[in-house]
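The listed protein sequences correspond, in order, to chains A and B.
Using our numbering, the letters of the first sequence map in sequence onto residues 10 to 466.
Using our numbering, the letters of the second sequence map in sequence onto residues 10 to 466.
Quick reminder that beta carbons are idealized off the backbone N, C-alpha and C, glycines included.
Protein chains: 2
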Amino acid sequence: ILSMRAWWSVLLCCFVVAVQCNNITAYAGLVDTIFTGALNDEVGYQRLGEMCNTFGSRLSGSESLEQAIDWTVQQLKTDGFDSVTTEDVSVPNWVRRNEKLTMNHPRQKHMDLLALGGSIGTGTEGITADVLVVSGYDELIRNASLAQGKIVVFNAPFVSYGSTVTYRTNGAVEAAKAGAVASLTRSITPFSLYTPHTGVMYYEDGVSQIPSAAITIEDANLLQSLQDNGVTPQLTLFLDCETLPNAQSRNVIAELKGSVLPDEFIVIGGHIDSWDVGSGAHDDAGGILQTWEAMRLLASLDMRPRRTIRLVFWTAEENGGSGADTYFANHIEELGNNTFCFETDSGTFTPVGFSFAGTEAAKAEISQIAELMSKHVQLTVTSGGAGADVSPLTSAGVPGVGLNVAADGVGTDTYFWYHHTRADTFDHVDLSEFKLCVGTVASLAYVVADMESNLPK
Amino acid sequence: ILSMRAWWSVLLCCFVVAVQCNNITAYAGLVDTIFTGALNDEVGYQRLGEMCNTFGSRLSGSESLEQAIDWTVQQLKTDGFDSVTTEDVSVPNWVRRNEKLTMNHPRQKHMDLLALGGSIGTGTEGITADVLVVSGYDELIRNASLAQGKIVVFNAPFVSYGSTVTYRTNGAVEAAKAGAVASLTRSITPFSLYTPHTGVMYYEDGVSQIPSAAITIEDANLLQSLQDNGVTPQLTLFLDCETLPNAQSRNVIAELKGSVLPDEFIVIGGHIDSWDVGSGAHDDAGGILQTWEAMRLLASLDMRPRRTIRLVFWTAEENGGSGADTYFANHIEELGNNTFCFETDSGTFTPVGFSFAGTEAAKAEISQIAELMSKHVQLTVTSGGAGADVSPLTSAGVPGVGLNVAADGVGTDTYFWYHHTRADTFDHVDLSEFKLCVGTVASLAYVVADMESNLPK
């Protein structure tokens, strides 16, 4: 009879055999077929243009978001998927009305700005105060005594989105702790053509709420230069913006049923909302259309994988992620059947890699699949989380991937030139780059949904 | 005795000898000295920052222009030049007050805009009208019957500044001829982050004057897409701007007297005015400071060439060039002593060449001088005019050069990302690129002002 040790060896062998059953290289021909289809297809790109140009921006709580969702559902129903549904989500309803920023001293100058999402307004008189420019929290703390009664300007150079965005999300709280009357943040971007960038900001219980807005790199640098030369600029900030009671929105869900294991499913998608400026083309209408077109392409090629592909367009990602949270809560019973999630929310440029959340063994398989696409795209798989909307899923153990892209294949930071600005428009999305994204999404989704064994959790 | 033919041969030989006296290669060491000085110098760059950040924009007629001129004269007087003077110039006085553009149909959307310089206003009610988008004059003429009562939008892609700028300068006239009530021009730039570009426009006697403004590439493309999909957008345009009676401004002139031939002189300079947005850092405070610092550097190195170097900062280049015209009229008697002119008005990036106006023989000598700088900058000499402010001089036969530059040495079009925008600010001028410009200007100016024979006219 076998010892316990021997039994373990047998079990381990079975596991290894199971993993090896995923003969990924066998999918090379199908991946080529998918890419050929993607490169000859313009339906998704045309829909992206129609969505962006017809509805414009899509902030949670806005009529334009709900109109875009209606249109999306209507279009999805023409695509021959097995189901198209929505689920209700209670979403924040912050509204921007008028806003204005003027430098009064040492000279009169209009400054462009964008209130940050969630900010309170200034009242009709606005706030007139001297400026304290700081390069970050350290300098604010060192100069806290100078911040009292001032408008604090965070002039922090862009290092990476993840590390610099804190001045947008938490700047108002830290400035308020030092006694500031308002907080202005240098826009979170590596490059500007006098381009303000909005985005969400948060208040903290027990800390007074002060108005908060983003200014351009150019004006942040101007204020810095003046201060460095011994001048204390004076500004008048006027923000008419407000958080209204929550509104109702919807997640959109469509499925292409699996041919063998229809109850097991992978999730692909992006978020359907955007900030209230531009038309959210890179962030994230492009992500929606990439994944949507990927699933439509598979359906049109009659490539129905063994497992179900579920397309999810989360709502209200920008304003805190209530779409993703509601989806997770609504579908927690199915979590065991959700074998993979794949989000695209980093713009629509040339695919350069996958950002992965999960086990090393699963990452190795994703790398093998990435390798199958090397004729078309050069993909590097990195660890680092799959994205905001799938983070409840990946936190619960579902292996996840986010698509990484770069303009002309160079410089992933280029996305942040457009992110949350009036320049995030359809005409900044390139057709050939879009096609490569569709091919990449469809290939990864198909192989993972079809291969013999699930990715190891 | 010599025949006439033989006499001519002797004269021609003398001429050839004279030209060959310009032993340009002998200046190699001095050019290295100049570049070493330029690369170790930050005075001009600091002055550029002080000028841009203190005074901001400098449109003809504005108080900020005259304050900047006062400051410039004051600073010049500290530099030890032989003379610093100004000459009065009558300049246009167009003022921008408020402006607003809204799309009413098919949805509400704010559109950024900049009235074009010289445009009439719309009256307090603004102009509400349907849009006709055209790609250029050909399409306007083909669709002239559709333009009646419309706001014509010129959505002409940027080909080159010289070829595309006609839609800014003359679009209103051509639209008015077709019966349009206003003219909007896609900003003259190869790239936009929702960045409108202003600039001068002209009316024509006998053609009705209609308001004219620039919109962003993004909005021009949006209007185009809507029209292409069968939608006729409706806009409301409001411009409060006006041409007031001419104002008084000044050209600034400073000289470093020649050591041998003080009455012969070369002219170097740029224009001191700018558009009324941004701070005119690339256009053309940078040009002024390049040439100013070049002359200061030569003075500080005690490198006084044989001929005089005259620094000229022309006023009101942007609004029609009355500074250059006045300078030409005031100095016409000296024209025979003006042996060379050198303008920099294409931005402050890495020098990539000289744009030359004059004889082929003179161009060949300029190319030889450019070659001396090849350790530091790679310069190509092209024919094509030396620039707007020296064009009265070059038209009168003075050999002239304009400095060509490119961001990171690549892409001369990058200048037009900033040109006439709120993004034309000091922080977009790189110190190391500025230094290379100073070295290039100083080297060319020194050699031409010092060499044995004048450039052949």
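Anything in the stretch 105-118 of chain A with a Cβ closer than 7 angstroms to a Cβ of chain B? List those residues in chain order, please.
Contact annotation: in the stretch 105-118 of chain A, residues whose CB is within less than 7 angstroms of a CB in chain B are Arg116, Lys118.
With distances taken from CA atoms, which of Thr94(A), Thr133(A), Ala263(A) is nearest Lys109(A)?
Sequence index remark: in the first sequence, residue 109(A) carries index 100 (1-based). Distance check between Lys109(A) and each of Thr94(A), Thr133(A), Ala263(A) places Thr133(A) closest, using alpha-carbon atoms only.
Assuming Thr353(A) and Val450(A) are in contact, meaning their beta carbons sit under 8 angstroms apart, how far apart are those beta carbons, in whole angstroms?
One-based indexing of the first sequence puts residue 353(A) at position 344. One-based indexing of the first sequence puts residue 450(A) at position 441. Sure, about 6 angstroms apart at Cβ, within 8 angstroms.
How many angstroms separate the CA atom of Val28(A) from the CA atom of Ser462(A)?
Along the first sequence, read from residue 1 onward, the residue named residue 28(A) stands at position 19. Along the first sequence, read from residue 1 onward, the residue named residue 462(A) stands at position 453. Confidence at Val28(A) is low in this model, with a pLDDT of 46, below 50, so the placement of that residue is unreliable and no value is reported for it.
Using a 10 Å radius around the Cβ and a threshold of 16 neighbouring Cβ atoms, would you call Thr335(B) buried or exposed?
Position 326 of the second sequence, counted from the start, is the residue given in the question as residue 335(B). By the neighbour-count rule (16 or more Cβ atoms within 10 Å), Thr335(B) is buried.
DSSP on Asp228(A), reduced to helix/strand/coil?
Numbered from its first residue, the first sequence carries residue 228(A) at position 219. In the structure shown, Asp228(A) sits in a helix (DSSP, three-state: H, G or I).
Which whole-angstrom value describes the C-beta separation of Phe337(A) and His280(A), a residue pair presumed to lie in contact below a C-beta threshold of 8 angstroms?
What you label residue 337(A) is simply residue 328 of the first sequence in a count that begins at 1. What you label residue 280(A) is simply residue 271 of the first sequence in a count that begins at 1. 14 angstroms between Cβ atoms; not a contact.
Rounded Cβ spacing between Asn260(A) and Val98(A) (contact assumed at less than 8 angstroms):
Sequence index remark: in the first sequence, residue 260(A) carries index 251 (1-based). Sequence index remark: in the first sequence, residue 98(A) carries index 89 (1-based). Right, their Cβ atoms sit about 6 angstroms apart.
My assumption, with CB atoms under 8 angstroms, is that Val361(B) sits in contact with Ala397(B). Please give the rounded CB distance.
Counting from 1 along the second sequence, the entry for residue 361(B) is found at position 352. Counting from 1 along the second sequence, the entry for residue 397(B) is found at position 388. That belief does not hold up - the Cβ atoms of Val361(B) and Ala397(B) are roughly 20 angstroms apart, past 8 angstroms.
Taking C-beta to C-beta, are Lys266(B) and Arg313(B) nearer than 9 angstroms?
By 1-based counting over the second sequence, the position of residue 266(B) is 257. By 1-based counting over the second sequence, the position of residue 313(B) is 304. When the beta-carbon positions are compared, Lys266(B) and Arg313(B) come within less than 9 angstroms of each other.
Between Glu343(A) and Asp228(B), what straight-line distance do the alpha-carbon atoms span, to the nearest angstrom?
Looking up residue 343(A) in the first sequence gives position 334. Looking up residue 228(B) in the second sequence gives position 219. Looking at the two C-alpha atoms, the distance is approximately 45 angstroms.
Answer yes or no: does any C-beta atom of chain A fall closer than 9 angstroms to that of Glu134(B)?
Within the second sequence, the letter at position 125 stands for residue 134(B). So, not an interface residue.
Anything in the stretch 430-444 of chain A with a Cβ closer than 8 angstroms to a Cβ of chain B? List those residues in chain order, please.
Taking 8 angstroms as the cut-off between beta carbons, the residues of the stretch 430-444 of chain A near chain B are Thr430, Arg431, Ala432, Thr434, Phe435, Asp436, His437, in sequence order.
I'd like the list of long-range same chain contacts for Val468(A), defined as Cβ closer than 6 angstroms, with 5 residues on each side in sequence excluded.
Outside the displayed range of chain A (10 to 466) lies residue 468(A), so it cannot be described from this structure.
If you follow the alpha helix (DSSP H) that Arg315(A) is part of, which residue opens it and which one closes it?
Your numbering for residue 315(A) matches position 306 in the first sequence. Annotation: Arg315(A) is outside any alpha helix (DSSP H) and is labelled neither H nor E by DSSP.
Starting from Thr204(A), find everything on chain B with Cβ-Cβ shorter than 9 angstroms and list it in chain order.
Along the first sequence, one-based indexing puts residue 204(A) at 195. For Thr204(A), the residues of chain B that pass the 9 angstroms Cβ criterion are Leu202, Tyr203, Thr204, Ala432, in the order they occur in the chain.
Can you check the stretch 160-235 of chain B for any beta strand (DSSP E) of at least 3 residues that lies completely inside it and give the ranges in chain order?
Runs of the beta strand (DSSP E) lying entirely within the stretch 160-235 of chain B, each at least 3 residues long, are 160-163, 191-195, 221-224 in chain order.
Coil, strand or helix - Trp284(B) by DSSP:
Position 275 of the second sequence holds residue 284(B). Residue state, collapsed to three classes: coil.
To the nearest angstrom, report how far apart Ile78(B) and Ile78(A) are at their CA atoms.
Residue numbering aside, residue 78(B) sits at position 69 when the second sequence is read from its first letter. Residue numbering aside, residue 78(A) sits at position 69 when the first sequence is read from its first letter. Spanning the two alpha carbons is a distance of roughly 57 angstroms.
Output, in chain order, the set of chain B residues within a Cβ distance shorter than 7 angstroms of Trp426(A).
Your numbering for residue 426(A) matches position 417 in the first sequence. Per Cβ cutoff of 7 angstroms: Leu202.
Closer than 7 angstroms between beta carbons: that is the criterion. Which residues of the stretch 230-244 of chain A meet it against chain B?
So the close ones are Asn230, Leu231, Ser234, Leu235.
What residue from Ala184(A), Gly289(A), Thr131(A), Leu453(A) has the CA that sits closest to Leu149(A)'s CA?
Taking the first residue of the first sequence as position 1, residue 149(A) is located at position 140. Considering only alpha carbons, the answer is Ala184(A).
Look at the Cβ atom of Ala294(A), then the Cβ atom of Ala223(A), and state whether they are nearer than 9 angstroms.
Along the first sequence, read from residue 1 onward, the residue named residue 294(A) stands at position 285. Along the first sequence, read from residue 1 onward, the residue named residue 223(A) stands at position 214. No.
Could you work out which residue in Ala263(B), Gly394(B), Ser376(B), Thr300(B) is closest to Gln387(B) when comparing CA atoms only?
Here residue 387(B) refers to the residue found at position 378 of the second sequence. It is Ser376(B).
Contact list for the stretch 43-74 of chain B against chain A, Cβ threshold 7 angstroms
Residues of the stretch 43-74 of chain B that bring their beta carbon within less than 7 angstroms of a beta carbon in chain A comprise Gly58, Asn62, Gly65, in sequence order.
Proximal residues of chain A, C-beta to C-beta of Glu461(B) below 8 angstroms
As a working mapping, residue 461(B) is identified with position 452 in the second sequence. Near Glu461(B) there are no residues of chain A at all, since even the closest Cβ is about 46 angstroms away, more than 8 angstroms.
Three-state secondary structure assigned by DSSP to Thr81(B):
In the second sequence, counting from the first residue as 1, residue 81(B) sits at position 72. Thr81(B) falls in the helix class under three-state DSSP.
Taking Arg319(A) as the reference, give the member of Asn32(A), Ser169(A), Val93(A), Gln55(A) with the closest Cα.
Residue 319(A) sits at position 310 when you count from the first residue of the first sequence. Arg319(A) has its Cα closest to that of Val93(A), out of Asn32(A), Ser169(A), Val93(A), Gln55(A).
Suppose the cutoff is 7 angstroms on Cβ atoms and the five residues either side in sequence are ignored; what does the same chain contact list for Ser144(B) look like?
Counting from one through the second sequence, the residue named residue 144(B) turns up at place 135. By the criterion of a C-beta distance shorter than 7 angstroms, Ser144(B) is surrounded in its chain by Asn164, Ala165, once the five residues flanking it on both sides are discounted.
Mind checking if Glu227(A) is an interface residue toward chain B, Cβ cutoff 9 angstroms exclusive?
Your numbering for residue 227(A) matches position 218 in the first sequence. With its beta carbon less than 9 angstroms from one in chain B, Glu227(A) belongs to the interface.
How do the stretch 203-215 of chain B and the stretch 64-84 of chain B stand: do at least 3 beta-carbon pairs fall below 8 angstroms, yes or no?
In this structure the stretch 203-215 of chain B does not touch the stretch 64-84 of chain B; the number of beta carbon pairs closer than 8 angstroms is below three.
How far does the beta strand (DSSP E) with Leu141(A) in it reach, from first residue to last?
Taking the first sequence and counting its residues from 1, the one referred to as residue 141(A) is at position 132. Segment 136-143, the beta strand (DSSP E) holding Leu141(A).
Would you say Asp417(A) lies against chain B (beta-carbon separation less than 9 angstroms)?
Here residue 417(A) refers to the residue found at position 408 when the first sequence is read from its first residue. Any Cβ of chain B closer than 9 angstroms to the Cβ of Asp417(A) would place that residue at the interface, and such an atom is absent.
Closest by CA to Gly126(B), which one among Val286(B), Ser309(B), Phe351(B)?
Numbered from its first residue, the second sequence carries residue 126(B) at position 117. Residue Val286(B) holds the alpha-carbon nearest to the alpha-carbon of Gly126(B) among Val286(B), Ser309(B), Phe351(B).
Do Asp436(A) and Asn230(B) have their C-beta atoms within less than 9 angstroms of each other?
Translated into positions along the first sequence, residue 436(A) becomes position 427. Translated into positions along the second sequence, residue 230(B) becomes position 221. Going by C-beta atoms, Asp436(A) is nearer than 9 angstroms to Asn230(B).
Using DSSP bridges, identify the partner residues of Ser460(B).
One-based indexing of the second sequence puts residue 460(B) at position 451. With the sequence shown as reference, residue 460(B) is identified as Met, and Ser is not the correct amino acid for it. According to DSSP, Met460(B) bridges with nothing at all.
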